[in-house]
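J.:
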Amino acid sequence: MINNVVLHFKDHKIRKGTTEDFFPNRPTFHFNDRERGDTQVIPVSSLKAIFFVKCFDGKPEYDERQDVDRSGFGRRIRVSYNDGEIQEGYTQGYSPGRPGFFVFPCDPQSNNDRIFVISDATEDISFV
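Those letters in the sequence shown? Residues 34 to 161, by the numbering used here.
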């Protein structure tokens, strides 16, 4: 399955493209860069997070709601990244020893389908 992704790197670069072989337990995956038109092997350790998106254009004018309760998506979580960004959502798979975990957005209308958070790019993770 081809996934639209937006890669957020630890060095603050952002790249858009697709992947067909990302798995949370693998250290690398292939990324088809939308802008450059090439395929690269991306080390997960170089990333802050992988945003699996519905479309690349997003919804710049849309203000995502954080007050939505979503059943079936796990526990509500707050992720504080090393760069100061804070994100809230729901997770079913957070475990402190894992290299990463998925977060589902609070707002079902979000352009983000899910986000894979790289654990070592975080400063604090708490359940809310």
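Heads up, the beta-carbon is just placed ideally off N, CA and C, and yes, glycines get one too.
If you're wondering where the values come from, they're calculated on a predicted model, not measured in any experiment.
Go ahead and pull the three-state DSSP assignment for SER113.
T.: Looking at SER113 - three-state DSSP - the assignment turns out to be strand.
J.: Tell me the rounded alpha-carbon separation between GLU53 and MET34.
T.: 6 Å
J.: Specify the secondary structure class of ASP153 as computed by DSSP and reduced to three states.
T.: helix
J.: Could you check what DSSP says for SER159 in three-state terms: helix, strand or coil?
T.: strand
J.: Hey, could you find the ends of the beta strand (DSSP E) VAL38 is sitting in?
T.: 36 to 42 is the span of the beta strand (DSSP E), which, as asked, contains VAL38.
J.: With respect to the beta strand (DSSP E) encompassing ARG48, which residues constitute its N-terminal and C-terminal limits?
T.: 47 to 52
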